[in-house]
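Following my numbering, the numbering of the sequence shown begins with 5 at its first residue and continues without gaps.
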Amino acid sequence: MLKGNRSIELRIAQINERVAAAKAQNLYMYIQPAEKVSGSRVVIEGKEMLQFSSYSYLDLLGHPKIEAAAKAAIDEFGTGTHGVRNLAGTTTLHVELEKTIAEFKGTDDAMAFSSGFMCNSSTIAALVGRNDIVISDKLNHASIVDGCLLSRAKFVRVEHDNMESLEKALAKVPENKSRLVIADAVFSMDGDILNLPEVVRLCNKYHALLMIDEAHSLGVLGETGHGIEEHFGMENVIDVKMGTLSKTIPSVGGYIAGNEELITYLKFSARGWIFSAALPPATVAASKAAFDVILEEPERITQLRRNVDYFLNRLKECGFNTLNSQTPVIPVIVGDDERAWLMSRIVQDNGIFILPIMPPVVPHKMSRLRVNVMSGHTMEDLDYTVNVLEKAGKEVGILK
Numbered sequence: 005m006l007k008g009n010r011s012i013e014l015r016i017a018q019i020n021e022r023v024a025a026a027k028a029q030n031l032y033m034y035i036q037p038a039e040k041v042s043g044s045r046v047v048i049e050g051k052e053m054l055q056f057s058s059y060s061y062l063d064l065l066g067h068p069k070i071e072a073a074a075k076a077a078i079d080e081f082g083t084g085t086h087g088v089r090n091l092a093g094t095t096t097l098h099v100e101l102e103k104t105i106a107e108f109k110g111t112d113d114a115m116a117f118s119s120g121f122m123c124n125s126s127t128i129a130a131l132v133g134r135n136d137i138v139i140s141d142k143l144n145h146a147s148i149v150d151g152c153l154l155s156r157a158k159f160v161r162v163e164h165d166n167m168e169s170l171e172k173a174l175a176k177v178p179e180n181k182s183r184l185v186i187a188d189a190v191f192s193m194d195g196d197i198l199n200l201p202e203v204v205r206l207c208n209k210y211h212a213l214l215m216i217d218e219a220h221s222l223g224v225l226g227e228t229g230h231g232i233e234e235h236f237g238m239e240n241v242i243d244v245k246m247g248t249l250s251k252t253i254p255s256v257g258g259y260i261a262g263n264e265e266l267i268t269y270l271k272f273s274a275r276g277w278i279f280s281a282a283l284p285p286a287t288v289a290a291s292k293a294a295f296d297v298i299l300e301e302p303e304r305i306t307q308l309r310r311n312v313d314y315f316l317n318r319l320k321e322c323g324f325n326t327l328n329s330q331t332p333v334i335p336v337i338v339g340d341d342e343r344a345w346l347m348s349r350i351v352q353d354n355g356i357f358i359l360p361i362m363p364p365v366v367p368h369k370m371s372r373l374r375v376n377v378m379s380g381h382t383m384e385d386l387d388y389t390v391n392v393l394e395k396a397g398k399e400v401g402i403l404k
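Structure representation (C-alpha cells):
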C-alpha cells in the first residue's frame, strides 16, 4: 500500500485488523449515523433508543429558543462567514457571544474558536515555547497533549489529580523559567472532578499560570452551572478559562475567557484562531442562546444532579466499578476489549445507545462503557438502563 513506509503500513494495518475483527462478530458500533435525535431519544437504523452517549447534559439540543436563534441568524447573515476573524469573518453575533461568555465566566473578555480541540492546542502553543515548562495531568484531553507537544515547551506529565506529584514537578522548575499548569475540570473518560483548591494553592505558591479545560463542567458543576470555580466556592482563580460550545452548549466550537490583555494577545498569537474561518452565524447564535437558557432554566441543573446521584448509586449497588465519577460522565469499567464490545452489543440490542471506550483512548485493561446522563432522562429511563447494564454485566462475567 505504502511502499518503503513499513512502520506506517503496520500502524494502518493494526487498526484495520481490529475494525475488521469487530465487524466480523457484529460488534463494531462506532460511527452509527443517527436518523433522528430528540431529547433523550435517538433513532438509529429505524429503531428508537434511549440516548446515553450524548454530551447534551442539560438536554438543550432541540430547545425552541436555541433553534429559533439559529434560524434567525441564517436569515440575517446567511449560512457561513466570509473569512477569518481578524479580517472579514467577524459579525455582531460573534461579538455578542464573546461578551456573553465573558460575563458567564466572570472575565474581562473571551474569544470563540472553530473547535474545542483547536482552541486548546493553539492556545497552549501560543502561551508557552521552547524555554518554558508546561505541566499537564496524565488524564488530560488529547487536545491538551497535542498543544503541549506543539508548543515545544518542556512537557511534564504528572500523576492524575495527585497534588504531591504536581508539587514535585513545580518545585523542579528553575526560577527563571515560565510555567503553565493545565488540567481538565471534569476528566472526560473518568468523570471525576479536579481538586481545584489544591491546584490553585500550588500554582500560587510556585508562581505558575493556571489553565483549566471546562469542556465537561460548563452547565454541570456549580449550583447555577457556571463551572468548577462555582462548585468549589472560588472566584476568578483560573488564569485561562477554556470551554467548549459542543457539549452542554448544543453547538460547536471552543472558547477562551480571561483578562483583556490575554485575549488581545491570543487574537494575534493563537494560530488556530488566526488562520481558521470564523464560526458560522447559526452556530454562534445558537451558542449565545444556550447560555441564556442555562441562566433562565436552572431547574435543568438541579434535575441533572438528581439524575446523576440516583444513577451512580444504583450502579454501585449492582457492584459496578465507576471509578471516582461524580458527574454525568460515568465510566462502567469492563476490563478487556472483547467484553466491552460484547456488553455494548447487549445494551444496544436492548434499546440503549451506549458505546465502548478502549485503548489507546483509555489505559490497557481499562476498557469501559462510557455512560452520559442527561437532565431529560426520567427515573424510568435510568432504572431500565441500570437493569439492562446489570444483565449485560452478568452475561459478560464482570458481575456475579
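In this text, a Cβ means the ideal position worked out from N, Cα and C, and glycines have one as well.
Exercise. When the Cα atoms are used, what is the spatial distance from Leu213 to Ile139?
Worked result: For this step, residue 213 is matched to residue 209 along the sequence shown. For this step, residue 139 is matched to residue 135 along the sequence shown. So the alpha carbons of these two residues sit roughly 10 Å apart.
For this session: Identify whether Glu52 lies in helix, strand or coil by the three-state DSSP scheme.
Result: Numbered from 1 along the sequence shown, position 48 holds the residue referred to as residue 52. Reduced to three states, the DSSP call for Glu52 is strand.
Problem set entry | Where Ile216 falls: helix, strand or coil (DSSP) | Position 212 of the sequence shown, counted from the start, is the residue given in the question as residue 216. If DSSP states are grouped into helix, strand and coil, Ile216 belongs with the strands.
Exercise. Between Ser126, Met347, Val224, which lies nearest to Ser280 when the distance is taken from Cα to Cα?
Worked result: Here residue 280 corresponds to residue number 276 of the sequence shown, with the count starting at 1. With distances taken between Cα atoms, Ser280 lies closest to Ser126.
Exercise. How many angstroms separate the CA atom of Tyr259 from the CA atom of Thr287?
Worked result: Position 255 of the sequence shown, counting from 1, holds the residue named residue 259. Position 283 of the sequence shown, counting from 1, holds the residue named residue 287. Cα to Cα, the separation comes out at about 13 Å.
Exercise. Quick one: what does DSSP say Ala114 is sitting in, helix, strand or coil?
Worked result: Within the sequence shown, residue 114 is the residue found at index 110, counting from 1. Ala114 falls in the strand class under three-state DSSP.
Exercise. Within the present structure, is the beta-carbon of His235 separated from the nearest heavy atom of the ligand HEM by less than 8 Å?
Worked result: The ligand content of the structure shown is nil, which means the ligand HEM is not present either.
For this session: Could you tell me how far apart the beta carbons of Gly223 and Tyr61 are, in whole angstroms, since I believe they sit closer than 8 Å?
Result: In the sequence shown, counting from the first residue as 1, residue 223 sits at position 219. In the sequence shown, counting from the first residue as 1, residue 61 sits at position 57. With a Cβ gap of about 6 Å, Gly223 and Tyr61 count as contacting.
Exercise. In whole angstroms, what separates the C-alpha of Phe272 from that of Val377?
Worked result: Stepping through the sequence shown from its first residue, residue 272 is reached at position 268. Stepping through the sequence shown from its first residue, residue 377 is reached at position 373. If you take the alpha carbons of Phe272 and Val377, they lie about 39 Å apart.
For this session: Let me know the secondary structure DSSP gives Asp296 once reduced to three states.
Result: Within the sequence shown, numbered from 1, the residue matching residue 296 stands at position 292. Note: Asp296 maps to helix in three-state DSSP.
Exercise. Among Glu168, Ala130, His145, Ala175, which has the Cα closest to the Cα of Arg470?
Worked result: The chain is shown only over 5 to 404; residue 470 falls outside these bounds and no answer can be derived.
For this session: Apply the 10 Å Cβ neighbour rule to Glu303 and answer buried if 16 or more other Cβ atoms are within range, or exposed otherwise.
Result: As a working mapping, residue 303 is identified with position 299 in the sequence shown. Exposed, by the Cβ-count rule.
Exercise. In angstroms, rounded to a whole number, what distance separates the CA positions of Leu225 and Val297?
Worked result: Your numbering for residue 225 matches position 221 in the sequence shown. Your numbering for residue 297 matches position 293 in the sequence shown. Computed Cα separation, rounded: 16 Å.
For this session: Return the chain-ordered ranges of every alpha helix (DSSP H) run that is complete within the segment 295-372 and spans a minimum of 4 residues.
Result: 303-322, 341-353
Exercise. Okay, do the segment 44-60 and the segment 348-367 touch, 3+ Cβ pairs below 8 Å being the bar?
Worked result: yes
For this session: Give the secondary structure of Gly87 by DSSP, where H, G and I count as helix, E and B as strand, and everything else as coil.
Result: Here residue 87 refers to the residue found at position 83 of the sequence shown. It is coil, neither helix nor strand.
Problem set entry | Pro37 classed as buried or exposed, judged by whether at least 16 other C-beta atoms fall within 10 angstroms | Walking along the sequence shown from the start, residue 37 turns up at place 33. With fewer than 16 Cβ atoms within 10 Å of its Cβ, Pro37 is classed as exposed.
For this session: Taking only the alpha-carbon atoms, compute the straight-line gap between Met238 and Glu342 and give it to the nearest angstrom.
Result: Position 234 of the sequence shown, counting from 1, holds the residue named residue 238. Position 338 of the sequence shown, counting from 1, holds the residue named residue 342. Cα to Cα, the separation comes out at about 43 Å.
Exercise. Okay, do the segment 382-400 and the segment 325-333 touch, 3+ Cβ pairs below 8 Å being the bar?
Worked result: no
Exercise. What residues in its chain sit with their C-beta under 7 Å from that of Pro284, if we drop five residues either side in the sequence?
Worked result: Along the sequence shown, one-based indexing puts residue 284 at 280. Around Pro284: Thr83, Gly84, Thr85.
Problem set entry | Residue(s) in a DSSP beta bridge with Arg161 | Position 157 of the sequence shown holds residue 161. Beta-bridge pairing links Arg161 to Ser140.
Exercise. Alpha carbon to alpha carbon, how far is Ile197 from Val190?
Worked result: Residue numbering aside, residue 197 sits at position 193 when the sequence shown is read from its first letter. Residue numbering aside, residue 190 sits at position 186 when the sequence shown is read from its first letter. Each residue's Cα considered, the two are about 5 Å apart.
Exercise. What does a CB cutoff of less than 7 Å around Val312 pick up in its chain, not counting 5 residues either side in sequence?
Worked result: Residue numbering aside, residue 312 sits at position 308 when the sequence shown is read from its first letter. So the list reads Thr331, Pro332, Val377, once near-sequence residues are dropped.
Problem set entry | Closest by C-alpha distance to Val132, when choosing among Ser118, Phe117, Gly151, Ser119 | Counted from its first residue, the sequence shown places residue 132 at position 128. Taking only the C-alpha atoms, the option nearest Val132 is Gly151.
Exercise. So, helix, strand or coil for Arg275, using DSSP?
Worked result: As a working note, residue 275 is residue 271 in the sequence shown. In this structure, Arg275 counts as helix in the three-state DSSP scheme.
Exercise. Since Glu171 contacts Leu206 with CB under 8 Å, what's their CB separation in whole angstroms?
Worked result: Taking the sequence shown and counting its residues from 1, one reaches residue 171 at position 167. Taking the sequence shown and counting its residues from 1, one reaches residue 206 at position 202. Rounded, the Cβ-Cβ distance is 5 Å, consistent with contact.
Problem set entry | For Ser125, three-class secondary structure by DSSP | Reading the sequence shown from its first residue, position 121 is the one you call residue 125. Ser125 falls in the helix class under three-state DSSP.
Problem set entry | Pair within 9 Å by beta-carbon distance, Glu102 and Ala116 | Mapped onto the sequence shown, residue 102 falls at position 98. Mapped onto the sequence shown, residue 116 falls at position 112. It is a contact, given that the beta carbons lie within the stated cut-off.
Exercise. Just how far apart, CA to CA, sit Ala146 and Ala92?
Worked result: On the sequence shown, residue 146 is found 142 positions in, with the first residue counted as 1. On the sequence shown, residue 92 is found 88 positions in, with the first residue counted as 1. Distance between the alpha carbons of Ala146 and Ala92: 31 Å.
Exercise. Residues bridged to Ile260 by DSSP?
Worked result: Your numbering for residue 260 matches position 256 in the sequence shown. Met115, Met246.
Exercise. Bridge partners of Val132, per DSSP?
Worked result: Position 128 of the sequence shown, counted from the first residue, corresponds to residue 132. DSSP output for Val132 lists no bridge partner at all.
For this session: Counting only the same chain and skipping the five closest in sequence on each side, list residues whose C-beta sits under 7 Å from that of Ser44.
Result: Counting from one through the sequence shown, the residue named residue 44 turns up at place 40. The residues are Leu54, Gln55, Asp63, Met378, Gly380, His381, Asp385.
Exercise. Can the beta-carbon of Gln29 be found less than 9 Å from the beta-carbon of Trp345?
Worked result: The sequence position of residue 29 within the sequence shown is 25, counting from 1. The sequence position of residue 345 within the sequence shown is 341, counting from 1. Cβ distance < 9 Å, so Gln29 and Trp345 count as in contact.
Exercise. For Glu321, which of Gly231, Asp113, Lys404, Leu97 has the nearest alpha-carbon?
Worked result: In the sequence shown, counting from the first residue as 1, residue 321 sits at position 317. Minimum Cα distance to Glu321 is reached at Lys404.
Problem set entry | Cut-off 7 Å between Cβ atoms - residues of its own chain near Val375, not counting five sequence neighbours on either side | Residue numbering aside, residue 375 sits at position 371 when the sequence shown is read from its first letter. Phe56, Ile334, Val336, Ile358.
Exercise. Buried or exposed: Ser250, going by 16 or more other Cβ atoms within 10 Å of its Cβ?
Worked result: Counted from its first residue, the sequence shown places residue 250 at position 246. Buried: at least 16 other Cβ atoms inside 10 Å.
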